[in-house]
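Enquirer:
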Amino acid sequence: MDILQILLTDSFWAASLRIATPLIFGVLGALICEKSGVLNLGIEGIFAAGAMAGWMAVWLGAGLWGGLLVAALVGAFFGLIHAILTVPLGLSQHVSGLGVTLFATSVSYFIYRTALPNVSSPPRIEPFQALDIPILSDLPFIGPVLFQQTAMTWLALVMVVLVWYVLSRTALGVAIKAVGDNPDSVDAQGLSVYGLRIGAVMAGSALMALGGAFLTMSAFDAFFFGMVNGRGWVCIALVIFASWRPGKALLGALLFGAFDAFQVRLQTEVGAFVPGQVFLMAPYILSILALVIAARGADYPRALLTPWFKGQR
Amino acid sequence: MIRFETRNAPPRALTVGVPILSALVALALASIPLAFAGANIPTAYAEMIKGVFGSKFAFSEMLTRATPLIFTGLAAALAFRAKLWNIGAEGQLYLGALAAVAIGAGAIDVPAFVLVPLIIVFGAAAGAAGMAVPTLLKTRFGADEVVTTLLLNFIILIFVQMMLEGALKDPMSMGWPQSAPILDQGMLPQLMDRMRIHSGLIMALVAAGIAQFMLARSVWGFRLRAVGENAAAARHAGIGVNRSLMSVAIVSGGLAGLAGVSEVAGLKGYLTADLSPGFGYTGIVVAMLAGLSPVGVVISALFIASVFVGADSMSRAMGVSSYLADLVVSMSLLCVLIGGFFARFRIVRTISEVA
Numbered sequence: 001m002d003i004l005q006i007l008l009t010d011s012f013w014a015a016s017l018r019i020a021t022p023l024i025f026g027v028l029g030a031l032i033c034e035k036s037g038v039l040n041l042g043i044e045g046i047f048a049a050g051a052m053a054g055w056m057a058v059w060l061g062a063g064l065w066g067g068l069l070v071a072a073l074v075g076a077f078f079g080l081i082h083a084i085l086t087v088p089l090g091l092s093q094h095v096s097g098l099g100v101t102l103f104a105t106s107v108s109y110f111i112y113r114t115a116l117p118n119v120s121s122p123p124r125i126e127p128f129q130a131l132d133i134p135i136l137s138d139l140p141f142i143g144p145v146l147f148q149q150t151a152m153t154w155l156a157l158v159m160v161v162l163v164w165y166v167l168s169r170t171a172l173g174v175a176i177k178a179v180g181d182n183p184d185s186v187d188a189q190g191l192s193v194y195g196l197r198i199g200a201v202m203a204g205s206a207l208m209a210l211g212g213a214f215l216t217m218s219a220f221d222a223f224f225f226g227m228v229n230g231r232g233w234v235c236i237a238l239v240i241f242a243s244w245r246p247g248k249a250l251l252g253a254l255l256f257g258a259f260d261a262f263q264v265r266l267q268t269e270v271g272a273f274v275p276g277q278v279f280l281m282a283p284y285i286l287s288i289l290a291l292v293i294a295a296r297g298a299d300y301p302r303a304l305l306t307p308w309f310k311g312q313r
Numbered sequence: 314m315i316r317f318e319t320r321n322a323p324p325r326a327l328t329v330g331v332p333i334l335s336a337l338v339a340l341a342l343a344s345i346p347l348a349f350a351g352a353n354i355p356t357a358y359a360e361m362i363k364g365v366f367g368s369k370f371a372f373s374e375m376l377t378r379a380t381p382l383i384f385t386g387l388a389a390a391l392a393f394r395a396k397l398w399n400i401g402a403e404g405q406l407y408l409g410a411l412a413a414v415a416i417g418a419g420a421i422d423v424p425a426f427v428l429v430p431l432i433i434v435f436g437a438a439a440g441a442a443g444m445a446v447p448t449l450l451k452t453r454f455g456a457d458e459v460v461t462t463l464l465l466n467f468i469i470l471i472f473v474q475m476m477l478e479g480a481l482k483d484p485m486s487m488g489w490p491q492s493a494p495i496l497d498q499g500m501l502p503q504l505m506d507r508m509r510i511h512s513g514l515i516m517a518l519v520a521a522g523i524a525q526f527m528l529a530r531s532v533w534g535f536r537l538r539a540v541g542e543n544a545a546a547a548r549h550a551g552i553g554v555n556r557s558l559m560s561v562a563i564v565s566g567g568l569a570g571l572a573g574v575s576e577v578a579g580l581k582g583y584l585t586a587d588l589s590p591g592f593g594y595t596g597i598v599v600a601m602l603a604g605l606s607p608v609g610v611v612i613s614a615l616f617i618a619s620v621f622v623g624a625d626s627m628s629r630a631m632g633v634s635s636y637l638a639d640l641v642v643s644m645s646l647l648c649v650l651i652g653g654f655f656a657r658f659r660i661v662r663t664i665s666e667v668a
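First to last, the protein sequences are chains A and B.
Here the first sequence is numbered in this note's numbering, starting from 1 and rising by one per residue.
Here the second sequence is numbered in this note's numbering, starting from 314 and rising by one per residue.
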């Protein structure tokens, strides 16, 4: 009975959306990259870089929105490295992405350690606060779930709509999708395959970095080593689960968030009988299951992983 | 106009020269973070060299560090040759280590000539199973093995923590989450007095030799390379692609499992959840730097181990963060990727014609 009651509490739904927020940014980012034909396994490292850069910018006095801008620019920078290696140079997207993850992570850790060599407890910033909108925030149920989140959660939701709109309703979106399906046709129309792919990877990577920044600037108020903890990889699985649609990506992230929030609460109910690690494992197992179920039916961008060289057909 | 043209076969000097040059460029690029950290750059490099070649002990430490990297490097190299993206060596390493303590820490009391081979076989089998599962998910359900092996790393590490706080916890550990120590007769023999270097290194070198031979000379190696170069053509030629993938998965996972066996039964003696500082992921860099050649893996593992041991020692002496080593390792991966591009293609200047 207690277990069902968990689903009826507003705190459960509020936590689900909060846990989903960094994943929404990450899934959208990965989706944009892959729609253009480029798998970006740099995501895990770009999360770490966004988390560190955003936090450090705020800590140095840039302000919260300034911090987000810095995080996005840092993400775009690492995206540019991945894009140069995989688009004009056409190198293995798998290996380049892993290289970017290792590079972005170690750069972030090195800079953090160098700036703060001997701190016992990580310095804190004043993070994004829960919104307090007159009337709306005080509504029963809806208020705590939707209107007491931080501005970053709302930014994530706006991004879902924006990415959906750009991809399905604008010429740019049509071009990005075309370059991920059939780059020759894009080239034949006189558009730049390289330009579109590099731009998409940079934009997607900027979104990934915002997902990382959420961790240090909204969910917590400090930077920790290893805090990304596989969230980037989960996003890569969720994109396939979402079959590259922004709406389904939101749904996937929310399902994942709900599951994670549920397992934390379940742990307090049955934690005496089941080791806590079983619950910690569950989200990763869920991601693998989602991948296994969705993989065959997924609508892969047809030119994903395939490099394209100008003048070679 | 500048155009890239594929070379038919990259000259031998380039296939060997490019990785060496890439490694040196990455090392040179380390001067940027060193300058950022305010260190005296020549002193820092001197400290790094001293940290590896300065004494017999330092050099043996480097060899000790290279041992697991040879195993995980081989695991990545063989799998990548078949275009099977095993990014799960980190998890498979832990599975091997877990099997080693499960069987070697007192579960059975048999003499060394029985126990040591048992530990090795079970450790390798555990690692192999850890790669067989995602490979099955790939061939059966089309689930991308990159994502599943990456996620399995997290699942396995949490599973190890669960075991270390549960079934495999050492009752004498005063509450620390660690396994009971492997019985004395289960430990791999040491190679030198008062040094940590152990016979896991010999195992790793033998594994590299066998892998080199099998890859270059056996039918198994031929099938593996054929599947990696063009799976559709291999299938057309009658090669069982899924079977080849599964066999390379078992070998690759087994090698990663041996990395765990060698760390636990050769070096640490017991298992903790921080056994590996990312040896599985670093193995990917080792393999790429080696151009996916097993013999090359030995050399690049020695280089990467030197970077880690040298940078550790430099960082203790000069107070520069030891994350510098990870930075150099990641930069050498990016450098060798770019270098590989120029080895495969030549830049051709052509006069642009009107199409």
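We put the beta carbon where it would ideally sit given N, CA and C, even for glycine.
Going by C-alpha to C-alpha distance, which of 212/A, 201/A, 225/A, 89/A sits closest to residue 32/A?
Expert: Here the question's residue 32/A lines up with position 32 in the first sequence. Ranking the options by Cα distance to residue 32/A, first place goes to 201/A.
Enquirer: Would you tell me roughly how many angstroms separate the C-alpha atoms of residue 242/A and residue 295/A, rounded to the nearest one?
Expert: Position 242 of the first sequence, counting from 1, holds the residue named residue 242/A. Position 295 of the first sequence, counting from 1, holds the residue named residue 295/A. Residue 295/A has its alpha-carbon roughly 10 Å from the corresponding atom of residue 242/A.
Enquirer: Which residue spans inside the region 132-183 of chain A form an unbroken alpha helix (DSSP H) run of at least 4?
Expert: 151-169, 171-181
Enquirer: Is residue 580/B closer than 9 Å to residue 507/B when the C-beta atoms are compared?
Expert: Mapped onto the second sequence, residue 507/B falls at position 194. Mapped onto the second sequence, residue 580/B falls at position 267. Contact: no.
Enquirer: Alpha carbon to alpha carbon, how far is residue 196/A from residue 475/B? Give it in angstroms, no decimals.
Expert: Indexing the second sequence from 1 puts residue 475/B at position 162. Indexing the first sequence from 1 puts residue 196/A at position 196. One C-alpha to the other measures close to 47 Å.
Enquirer: If you compare alpha carbons, which of 432/B, 402/B, 642/B, 613/B is closest to residue 107/A?
Expert: In the first sequence, the residue the question calls residue 107/A occupies position 107. When only C-alpha atoms are compared, the closest one is 642/B.
Enquirer: Note down, in chain order, each residue of its chain lying with its Cβ closer than 6 Å to the Cβ of residue 501/B, except the 5 sequence neighbours on either side.
Expert: On the second sequence, residue 501/B is found 188 positions in, with the first residue counted as 1. Here the set comprises 511, 512, 513, 578, 579.
Enquirer: Counting only Cβ pairs nearer than 8 Å, list the residues of chain A close to residue 646/B.
Expert: What you label residue 646/B is simply residue 333 of the second sequence in a count that begins at 1. By Cβ distance, chain A contributes 95, 98, 99, 102, 103.
Enquirer: With a cut-off of 9 Å, does the C-beta of residue 461/B fall near any C-beta of chain A?
Expert: Sequence index remark: in the second sequence, residue 461/B carries index 148 (1-based). Answer yes: the Cβ-Cβ gap between residue 461/B and chain A drops below 9 Å somewhere.
Enquirer: Could you check which residue in 92/A, 81/A, 269/A has the C-alpha nearest to that of residue 204/A?
Expert: Position 204 of the first sequence, counted from the first residue, corresponds to residue 204/A. Comparing Cα-Cα distances from residue 204/A to each of 92/A, 81/A, 269/A, the minimum goes to 81/A.
Enquirer: Which chain A residues sit within Cβ distance under 8 Å of residue 637/B?
Expert: What you label residue 637/B is simply residue 324 of the second sequence in a count that begins at 1. What residue 637/B touches in chain A: 110.
Enquirer: What are the residues in the region 575-609 of chain B lying within 8 Å of chain A by C-beta distance?
Expert: 594, 597, 598, 601
Enquirer: Along chain B, in chain order, which residues have C-beta atoms closer than 7 Å to that of residue 130/A?
Expert: Indexing the first sequence from 1 puts residue 130/A at position 130. Per Cβ cutoff of 7 Å: no residues; residue 130/A is ~30 Å from chain B at best.
Enquirer: Could you say if the region 407-415 of chain B and the region 562-572 of chain B meet the contact criterion of at least three C-beta pairs nearer than 8 Å?
Expert: The region 407-415 of chain B is in contact with the region 562-572 of chain B.
Enquirer: Once you ignore the five residues that flank residue 15/A on each side, which residues in its own chain have a CB closer than 7 Å to its CB?
Expert: Along the first sequence, one-based indexing puts residue 15/A at 15. Cβ neighbours of residue 15/A beyond the five flanking positions: 261.
Enquirer: Any beta-carbon of chain B closer than 9 Å to the one on residue 265/A?
Expert: Position 265 of the first sequence, counting from 1, holds the residue named residue 265/A. For residue 265/A, the answer is no, since every Cβ of chain B falls outside 9 Å of its Cβ.
Enquirer: Tell me the rounded alpha-carbon separation between residue 120/A and residue 351/B.
Expert: Position 120 of the first sequence, counted from the start, is the residue given in the question as residue 120/A. Position 38 of the second sequence, counted from the start, is the residue given in the question as residue 351/B. If you take the alpha carbons of residue 120/A and residue 351/B, they lie about 22 Å apart.
Enquirer: Chain A beta carbons: is any one of them nearer than 9 Å to that of residue 533/B?
Expert: Locating residue 533/B in the second sequence gives position 220, where the first residue counts as 1. Output row for residue 533/B: interface = no.
Enquirer: For the 8 Å Cβ check, are there 3 or more pairs between the region 172-180 of chain A and the region 41-53 of chain A?
Expert: With a cut-off of 8 Å, the region 41-53 of chain A and the region 172-180 of chain A do not count as touching, because too few Cβ pairs lie within range.
Enquirer: Verify the CB distance criterion: does residue 450/B have a CB-CB separation below 9 Å to chain A?
Expert: As a position in the second sequence, residue 450/B is number 137, starting the count at 1. Yes, because at least one Cβ of chain A sits closer than 9 Å to the Cβ of residue 450/B.
Enquirer: Name the chain B residues that come within less than 7 Å of residue 233/A, Cβ to Cβ?
Expert: Position 233 of the first sequence, counted from the start, is the residue given in the question as residue 233/A. Result: 460, 463, 464.
Enquirer: Who does residue 482/B pair with in a DSSP beta bridge?
Expert: Numbered from 1 along the second sequence, position 169 holds the residue referred to as residue 482/B. Its beta-bridge partners are 492/B.
Enquirer: Output, in chain order, the set of chain A residues within a Cβ distance shorter than 7 Å of residue 346/B.
Expert: Indexing the second sequence from 1 puts residue 346/B at position 33. Chain A residues near residue 346/B: 110.
Enquirer: Is the beta carbon of residue 528/B closer than 9 Å to that of residue 629/B?
Expert: As a first step, residue 629/B is located in the second sequence; it is residue number 316 there, counting from the start. As a first step, residue 528/B is located in the second sequence; it is residue number 215 there, counting from the start. Contact flag unset, no.
Enquirer: Quick check on residue 483/B - is its C-beta less than 9 Å from some C-beta in chain A?
Expert: Walking along the second sequence from the start, residue 483/B turns up at place 170. Chain A contact via Cβ: absent.
Enquirer: So what does residue 658/B bridge to, in DSSP terms?
Expert: Position 345 of the second sequence, counting from 1, holds the residue named residue 658/B. BP columns for residue 658/B point to 319/B.
Enquirer: Closest Cβ-Cβ distance between residue 519/B and chain A: below 9 Å?
Expert: Stepping through the second sequence from its first residue, residue 519/B is reached at position 206. With 9 Å as the cut-off, residue 519/B does not count as an interface residue toward chain A.
Enquirer: Out of 156/A, 258/A, 21/A, 256/A, point me to the one whose CA is closest to residue 219/A's CA.
Expert: Position 219 of the first sequence, counted from the first residue, corresponds to residue 219/A. Residue 219/A has its Cα closest to that of 21/A, out of 156/A, 258/A, 21/A, 256/A.
Enquirer: Would the beta-carbon of residue 250/A fall within 9 Å of that of residue 166/A?
Expert: For this step, residue 250/A is matched to residue 250 along the first sequence. For this step, residue 166/A is matched to residue 166 along the first sequence. No.
Enquirer: Note down, in chain order, each residue of its chain lying with its Cβ closer than 6 Å to the Cβ of residue 517/B, except the 5 sequence neighbours on either side.
Expert: For this step, residue 517/B is matched to residue 204 along the second sequence. Once the five neighbours on either side are set aside, the close Cβ partners of residue 517/B are 380, 383, 384.
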